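Chains as they are written, first to last, in the numbering used here: chain A, 1 to 113; chain B, 114 to 226. Worksheet: one structure, shown below.
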């Protein structure tokens, strides 16, 4: 089954404690991205990757890091989480081109206290 | 640069009545346009997409949308709402030459019995 898998689904952590949210896709998609969803703001892109070893900033990259060492994986790293990073996070993947739709993971609800 | 405006943050309808969710876009080139739905505590699911073929696009669950270039609109409609349609809906644009997606802020559809 084609899918994007994020882990964990729920995470509560303390300010400053490094964490990683994993994202894996099994569709051999070149393009992967991370979004955060906040009430009234829709989905905002954090980082995206056009292919292995190619990443770029989205609209809200501050406080986040990513890496793309393998085509299927695109982890999101918070080196020093802060309460304003409390949010719902989605990973997505798609094949290249403007006409292709994105497939989304189930989301990770992160709370930083 | 591309952008999307969803004109209503909330829309309330009664079961069995028509649904209209409005979306306007801005794009420098011929865009691809998508509607996604997000049910509570779920990921995002593609409803339908426009990719410069027919201007009237049919999607899943009885939804359809019409691309109107002169009005830069891509409104989502359904003839008769069902309780299971209650969810948040996102209009999304992808521009020629890019793989990135730009989301609207979302419209919450409320369906009453």
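Glycine included, C-beta positions come from ideal geometry on N, C-alpha and C. All values reported here derive from a predicted model rather than from experimental measurement.
Does the distance from the CB of residue i to the CB of residue j come in under 8 Å?
i: residue 59 of chain A; j: residue 44 of chain A; result: yes
i: residue 32 of chain A; j: residue 92 of chain A; result: yes
i: residue 13 of chain A; j: residue 77 of chain A; result: no
i: residue 171 of chain B; j: residue 179 of chain B; result: no
i: residue 87 of chain A; j: residue 36 of chain A; result: yes
i: residue 216 of chain B; j: residue 117 of chain B; result: yes
i: residue 183 of chain B; j: residue 137 of chain B; result: no
i: residue 156 of chain B; j: residue 106 of chain A; result: yes
i: residue 61 of chain A; j: residue 23 of chain A; result: no
For residue i, count neighbouring C-beta atoms within 10 Å of its own C-beta (all shown protein chains included) and say buried if the count is 16 or more, exposed if not.
i: residue 29 of chain A; result: buried
i: residue 168 of chain B; result: exposed
i: residue 213 of chain B; result: buried
i: residue 224 of chain B; result: buried
i: residue 98 of chain A; result: buried
i: residue 108 of chain A; result: buried
i: residue 40 of chain A; result: exposed
i: residue 8 of chain A; result: exposed
i: residue 94 of chain A; result: buried
i: residue 208 of chain B; result: buried
Compare the Cα-Cα distances from residue i to each of the options and report the closest residue.
i: residue 112 of chain A; options: A:2, A:81, A:52; result: A:81
i: residue 83 of chain A; options: A:7, A:47, A:17; result: A:17
i: residue 164 of chain B; options: B:135, B:175, B:148, B:126; result: B:148
i: residue 25 of chain A; options: A:107, A:79, A:15, A:6; result: A:6
i: residue 3 of chain A; options: A:69, A:41, A:95, A:103; result: A:103
i: residue 219 of chain B; options: B:166, B:184, B:143, B:206; result: B:206
i: residue 96 of chain A; options: A:34, A:8, A:42, A:51; result: A:51
i: residue 161 of chain B; options: A:110, A:100, A:108; result: A:100
i: residue 196 of chain B; options: B:139, B:115, B:157, B:226; result: B:226
i: residue 115 of chain B; options: B:146, B:124, B:188, B:121; result: B:146
i: residue 49 of chain A; options: A:90, A:34, A:42; result: A:34
i: residue 221 of chain B; options: B:139, B:144, B:124; result: B:124
i: residue 79 of chain A; options: A:72, A:63, A:110; result: A:63
i: residue 135 of chain B; options: B:144, B:181, B:141, B:121; result: B:121
i: residue 46 of chain A; options: A:54, A:65, A:53; result: A:65
Please state the DSSP three-state secondary structure of residue i.
i: residue 28 of chain A; result: coil
i: residue 197 of chain B; result: helix
i: residue 3 of chain A; result: coil
i: residue 85 of chain A; result: helix
i: residue 42 of chain A; result: strand
i: residue 51 of chain A; result: strand
i: residue 174 of chain B; result: helix
i: residue 141 of chain B; result: coil
i: residue 186 of chain B; result: strand
i: residue 9 of chain A; result: coil
i: residue 179 of chain B; result: strand
i: residue 162 of chain B; result: strand
i: residue 202 of chain B; result: strand
i: residue 213 of chain B; result: coil
i: residue 33 of chain A; result: strand
The ligand NAP heavy atoms versus the CB of residue i: any closer than 7 Å?
i: residue 7 of chain A; result: The ligand NAP is not part of the structure shown, which contains no ligands of any sort.
Would you mind telling me which residues of chain E sit closer than 7 Å to residue i, beta carbon to beta carbon, in chain order?
i: residue 32 of chain A; result: Included in the structure are the protein chains A and B, with no chain E among them.
Cβ contact check for the stretch 178-195 of chain B and the stretch 126-142 of chain B: 3 or more pairs under 8 Å: With a cut-off of 8 Å, the stretch 126-142 of chain B and the stretch 178-195 of chain B count as touching, because enough Cβ pairs lie within range.
At least three beta-carbon pairs within less than 8 Å, the stretch 196-207 of chain B to the stretch 145-156 of chain B: Counting Cβ pairs under 8 Å, three or more are found: they touch.
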